[in-house]
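Notes follow once the structure below has been shown.
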């Protein structure tokens, strides 16, 4: 399954590079879909049941550059404080800064450094996957 794992790794890395982290569950579903799409018989994977419970930990051991961490909780104040007016205000402030520092028209130079993602529920068990 090296080709299939390589395809999954490329997807995880591409998504992380574009600030779209995926969850472990999404990675597992993608792994099965990639295997099915390959059309090759897989003797160690039951396509009806899915991957074994140990597959993810073995996958991570084979690919130590793949990391995961719990998503941060979104604080109630931030969740309820995000009004249309405040978001518009933030965009106006950001636009002024982009204009001042010459970043207008160059979105590829602007990125978010936070790799943890967030969850708006009371507590999160979901983990984000990134490279």
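Residue numbers (the UniProt record's numbering): 1 to 131. The beta-carbon is built from N, C-alpha and C at its ideal position, and this holds for glycine as well. What you are looking at is a predicted structure, and each value in this text was computed from that prediction instead of being measured.
Option in the options with minimal Cα separation from residue i
i	options	result
residue 59	27, 102, 22	27
residue 67	108, 16, 40	16
residue 49	29, 110, 40	29
Cα-Cα separation, residue i to residue j
i	j	result
residue 83	residue 93	15 Å
residue 69	residue 14	18 Å
residue 56	residue 100	46 Å
residue 107	residue 65	27 Å
residue 32	residue 89	44 Å
residue 110	residue 40	41 Å
residue 87	residue 54	43 Å
residue 103	residue 36	43 Å
residue 91	residue 18	20 Å
residue 5	residue 98	39 Å
residue 105	residue 23	31 Å
Exposure label - residue i; buried when at least 16 CB within 10 Å
i	result
residue 21	buried
residue 85	exposed
residue 12	buried
residue 96	exposed
Residues bridged to residue i (per DSSP)
i	result
residue 39	Answer is none; residue 39 lacks a bridge partner.
Inter-residue CB distance, residue i and residue j (contact presumed, cutoff 8 Å)
i	j	result
residue 34	residue 61	About 19 Å; that fails the 8 Å criterion.
residue 38	residue 3	7 Å
residue 25	residue 63	At roughly 18 Å, the Cβ-Cβ gap does not stay under 8 Å, so residue 25 and residue 63 are not in contact.
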